[in-house]
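Numbering (our numbering), first residue to last: 98 to 304.
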């Protein structure tokens, strides 16, 4: 098992011949909750297809090359990653208030069926007021490689989405119903006609 330091890169083939891998991100801090996600980006490092943003609300890419089980537990099949995806970016973000300087411990573990192939550990002393971290990347450069990144973003998930060319979708504001049409005014009822009294018939012999 290779223990990586921040900024270190290595060829995956030097770690394991396997293309079916498991990537596990963990982070602990008192009073903080973390979300973990994976961006599948193209050669321009952009999220050109938002179906390759795998997170708690979208747990699989279309062909199942990247799937998320528990929070921070990803299964990756590099043989199924489409040619348009050149890099898998694994990130940790704080859910709610807080800063990464409070992090007690964090780790990224890359595993195959033979066991743990590589590990990268990070801690709060590496950061200040960041709310998100690019933890590690698996990327294609002639061959698949692994990088321990540990780069923080003060803006959190929204800053990362902007960095990769995506955007955070705001909750839709419900549209108020249209006002009810005015009720037509009812014209006053016409008074009932008063029947005319018939003229009395002339008496015979008169005239």
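Idealized CB from N, CA, C, for every residue including glycine.
Treat the numbers as computed from the prediction; the structure is a model and nothing was measured.
Residue state for residue 197 is assigned as helix, using DSSP reduced to three classes. Secondary structure within the region 161 to 187: the beta strand (DSSP E) runs of 3 or more consecutive residues, fully enclosed, are 163 to 165 and 170 to 174 (chain order). For residue 214, the enclosing beta strand (DSSP E) stretches over residues 212 to 219. Within 10 angstroms of the beta-carbon of residue 156 lie fewer than 16 other beta-carbons, which makes it exposed.
A distance of 8 Å or more separates the beta carbons of residue 139 and residue 191. Contact between the region 106 to 118 and the region 127 to 137 is absent: fewer than 3 CB-CB pairs across the two stretches fall below 8 Å.
Scanning its chain for C-beta atoms nearer than 8 Å, with the 5 sequence neighbours on each side dropped, one finds around residue 240 the residues 108, 109 and 110, in chain order. For residue 198, the CB contacts under 6 Å within the same chain, skipping 5 residues up- and downstream, are 221, 224 and 225 in chain order. In the three-state reduction of the DSSP assignment, residue 103 falls in the coil class, being assigned neither a helical nor a strand state. The shortest CA-to-CA distance from residue 249 to any of 232, 236, 262 and 212 is the one to 232.
Residue state for residue 263 is assigned as coil, using DSSP reduced to three classes. DSSP places residue 134 in the uninterrupted beta strand (DSSP E) bounded by 131 to 138.
Residue state for residue 203 is assigned as strand, using DSSP reduced to three classes.
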